[in-house]
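This report refers to the structure that appears directly beneath it.
Rendered as structure tokens:
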């Protein structure tokens, strides 16, 4: 009997060791060496790689921005918005009346479109990109389409008193192309974009101070 049980027990222990310890540790080691940024959660810090920098978010997890000085991400169904604990979509089909017209505690596409146009001073006939008025499946989408960002550009430029051409150049620089030219969609990471905006504003402020000092 032991002769028959031993191979089964040995195989179970061997594969438990290989798949539960050896394989995960090997993959973790390779990832840490070859892809350290991604392996540690694609974390974005306030001061790059400085020792005193603070983690302010992840490139993979969206955040809620409401100030007119910032670009806003797409709507989120994760809790009150971008709550990773409550990650998920609406589970509403494209013909759902609730999805289109909303309910007492749920903003439908029509409401989201109206608010988006008001927020960005757009006419009622302005066509909106789908990601501006729909929620992602996870509720944590970190990216928006270049078209979505472009419609918000004038608002941001006005709020920050930045030349619109500077904003356009920044959007072009931050636009990520389709993987291998055909996989996925063109996109802009909202957190990275807003951090770049803050950097530009800070640099402009320093230039203004320097100008005043030399007058």
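Numbering (this note's numbering), first residue to last: -10 to 204.
Every residue gets a Cβ at the ideal spot worked out from N, C-alpha and C, and that includes glycine.
Being a predicted model, the structure only gives us computed values, none of them experimental.
Taking Cβ positions, are residue i and residue j nearer each other than 9 Å?
| i | j | result |
| --- | --- | --- |
| residue 151 | residue 177 | no |
| residue 89 | residue 78 | no |
| residue 179 | residue 58 | no |
| residue 182 | residue 163 | yes |
| residue 30 | residue 53 | no |
| residue 51 | residue 68 | no |
| residue 138 | residue 160 | yes |
| residue 64 | residue 101 | yes |
Measure from the alpha carbon of residue i to the alpha carbon of each residue in the options, then state which is nearest.
| i | options | result |
| --- | --- | --- |
| residue 155 | 186, 167, 136, 19 | 186 |
| residue 157 | 65, 101, 12, 60 | 60 |
| residue 211 | 129, 8, 174 | Lying outside -10 to 204, the shown extent of the chain, residue 211 is not represented and no answer is given. |
| residue 123 | 184, 81, 3 | 81 |
| residue 147 | 108, -6, 9 | 108 |
Let me confirm a value: residue i is counted as buried when at least 16 other C-beta atoms fall within 10 Å, else exposed. Which label applies?
| i | result |
| --- | --- |
| residue 27 | exposed |
| residue 73 | exposed |
| residue 125 | buried |
| residue 105 | buried |
| residue 33 | buried |
| residue 46 | buried |
| residue -1 | exposed |
| residue 5 | exposed |
What number of angstroms, rounded off, separates the C-alpha of residue i from the C-alpha of residue j?
| i | j | result |
| --- | --- | --- |
| residue 19 | residue 117 | 43 Å |
| residue 111 | residue 91 | 22 Å |
| residue 103 | residue 114 | 11 Å |
| residue 44 | residue 83 | 38 Å |
| residue 66 | residue 119 | 15 Å |
| residue 134 | residue 49 | 15 Å |
| residue 13 | residue 22 | 14 Å |
| residue 132 | residue 170 | 18 Å |
| residue 35 | residue 192 | 16 Å |
| residue 136 | residue 149 | 20 Å |
| residue 99 | residue 2 | 58 Å |
| residue -3 | residue 15 | 25 Å |
| residue 17 | residue -8 | 37 Å |
| residue 24 | residue 87 | 43 Å |
| residue 95 | residue 127 | 17 Å |
| residue 8 | residue 173 | 31 Å |
| residue 194 | residue 166 | 32 Å |
Using beta carbons (cut-off 9 Å, strictly below), is residue i in contact with chain C?
| i | result |
| --- | --- |
| residue 93 | In the structure shown, chain C does not exist; there is a single protein chain. |
Every unbroken alpha helix (DSSP H) within the stretch 51 to 106, with a cutoff of 4 residues, ordered by chain = 86 to 90
For the stretch 0 to 25, list the alpha helix (DSSP H) runs that are entirely contained and at least 4 residues long, ordered along the chain.
-> 12 to 23
Give, in chain order, every unbroken run of the alpha helix (DSSP H) that is at least 4 residues long and sits entirely within the stretch 105 to 156.
-> 135 to 149
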